[in-house]
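A quick write-up on the structure given underneath.
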Amino acid sequence: MSNNLAVVGLQWGDEGKGKIVDYLSNGFDAVARFNGGSNAGHTVVTENGRYTFHLLPSAALNDKELLIAPGVVLDTEVLKDELPLVKKEKVLIDSKCTLVTPFEKEFDAYIEKMRGSMAIGTTKRGIGPAYAVRALRLSPRAMDLFSSNYDMRSFAEFYRAFGISIDDMEKWMDNARKILVGLLGDVSERVLDLNESGKRILFEGSQGSLLDILYGSYPFVTSSHTTANYIPASLGINLAIDRVLGVAKCYSTRVGSGPFPTEIKDMLSDQIRELGQEYGATTGRARRVGWLDLVSMRYAIRLNNNKEVAISKLDILSKLKELKVCIAYRIDGSETENFFDALPRLADVEPVYDSLDPIYGYDFNSGVAGTLRKFVEYIEDRLKVKVSLLSYGAGRSKTVEL
Ligand code: IMP
Ligand code: MG
């Protein structure tokens, strides 16, 4: 699929994928969300204001075909709020999508409470329970809302065990049906058709590679696959995606619990949080802040096999007089550059830093030169990738393609 592009996060989510998808989508005919659900918060800033998308692809404002893959778990209440922003005929949601019911949102909060000090810090959007209940084969799919064979009452015992009234569930089903009417279809087929007719598709990832359910910092992860290798599985197509762009912020953030090797524990983290407005787009929580971590990024790049990287939020870095980059982890006195080796001990690793020339005071209007050029080349050299895009602000104009 040489016409197509995947955009994925190389960190813990919030890399700035939303802005980059919005910016790049001009060169594409369709944009497809392929993982997660309304836990995502993709922010796009235009001349008309600031928009956060949780379910619709971040190209929603660009009059593109908007696709939601079967592998996404769908919260119709959230979708309802986003639909007024787009032309309905541009939206196609796969009818195989698993629905997130109110039960799953309650269950998410309940499990988090049960975990106590081991809470994941989920977005409480019911994502984990939705994927789990799907695996138990108890979830309704979008298509089931329109099927006369589907009887929610046959699951009454299951819901009753959790104190959920089947009447309430049926009311919710009626509402969900009204929201989805006219929006469902076969996204897998649509992607193949578009591809065959030479149309270009952008696949938009949510969360980051290190939050992948299988490859990330389990159990402090989300419940879907967040890496590019999930795209064919989620869509039900078996086509290779030639171009993968991995997005990384020039520092790191993490929202929720779990190990974070390069976390900054002093006041500098507050400074960066304020400068970068590092607050969750879905939950408003303060994000934890740290330095760029090339060890975990190299691992993410291997997972995604991306040859290209986009680096975001360079404007924030240009306000800092210090610039550090983690190049190895120290565990029990020995150093490793291999994230996999560190995975079982991630909470205990000590980052080894390289101090670089800060890009303090950099004037982005002067092109990519000096300290910024050096920083870009340093990353390219260390990670053996091409840095093909830089972002230095939320607006579309604050982007450079290299
Ligand atoms: P869940 O996806 O709501 O189950 O949350 C699991 C973990 O992933 C928590 O640490 C969340 O904060 C994190 N997470 C989920 N979605 C996002 C996202 O879009 N950006 C950043 N972190 C996320
Ligand atoms: Mg986000």
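Numbering (the working numbering), first residue to last: 16 to 417.
Virtual Cβ for every residue (Gly too), placed ideally from N, Cα, C.
Asked, Found
"Coarse secondary structure for K280, derived from DSSP in three states", "coil"
"Any non-hydrogen atom of the ligand MG within 7 Å of D189 CB", "no"
"Residue environment, E172, which counts as buried when at least 16 other CB atoms sit within 10 Å", "exposed"
"G56 CB to nearest heavy atom of the ligand MG below 7 Å", "yes"
"Among S327, S412, I246, K339, nearest to L82 - alpha-carbon criterion", "I246"
"L81: first and last residue of the uninterrupted beta strand (DSSP E) it sits in", "80-83"
"Simplified DSSP assignment, three categories, for T116", "coil"
"Distance, E392 Cα to G131 Cα", "44 Å"
"Own chain residues within Cβ distance below 7 Å of R168, not counting five before or after", "I181"
"Closer than 7 Å: R48 CB and nearest the ligand IMP heavy atom", "no"
"Nearest to L371 (by Cα), restricted to the options F379, T91, V340", "V340"
"Three-state secondary structure (DSSP) of T137", "coil"
"Inter-residue spacing [alpha-carbon to alpha-carbon] between F170 and S203", "29 Å"
"Any 3 or more C-beta pairs closer than 8 Å across the region 28-36 and the region 50-59", "yes"
"Three-state secondary structure (DSSP) of E350", "strand"
"Straight-line gap, L229 to K334 (C-alpha atoms, nearest Å)", "36 Å"
"Near the ligand IMP: I228 beta-carbon under 7 Å from a heavy atom", "no"
"First and last residue of the uninterrupted beta strand (DSSP E) at A21", "20-24"
"Close Cβ partners of R258 (< 6 Å) along its chain, the five nearest in sequence each way excluded", "L20"
"Check: G51 C-beta below 7 Å from any heavy atom of the ligand MG", "no"
"Closer than 7 Å: D166 CB and nearest the ligand MG heavy atom", "no"
"Span separating the alpha-carbon of D306 from that of K389", "Position check: residue 306 holds Trp in this sequence, whereas Asp was assumed. Straight-line Cα distance between these residues: approximately 17 Å."
"Span separating the alpha-carbon of A75 from that of Q286", "32 Å"
"Buried or exposed (CB count within 10 angstroms, at least 16 for buried), K193", "exposed"
"L318, DSSP secondary structure in three states", "helix"
"Residues bridged to E219 (per DSSP)", "V22, R48"
"DSSP-derived helix/strand/coil call for S403", "strand"
"The beta strand (DSSP E) enclosing F161, as first and last residue numbers", "No beta strand (DSSP E) contains F161, which DSSP labels as neither H nor E."
"Inter-residue Cα distance where the pair is G299 and L209", "37 Å"
"beta-carbon D90 near the ligand MG non-hydrogen atom, thresh 7 Å", "no"
"Inter-residue Cα distance where the pair is V87 and K139", "16 Å"
"Delimiting residues of the beta strand (DSSP E) encompassing P366", "365-370"
"Buried or exposed by the 16-neighbour rule on C-beta atoms within 10 Å, applied to A384", "exposed"
"Boundaries (first-last residue) of the beta strand (DSSP E) holding K264", "258-264"
"Contact check, G295 vs V270, beta carbons under 8 Å", "yes"
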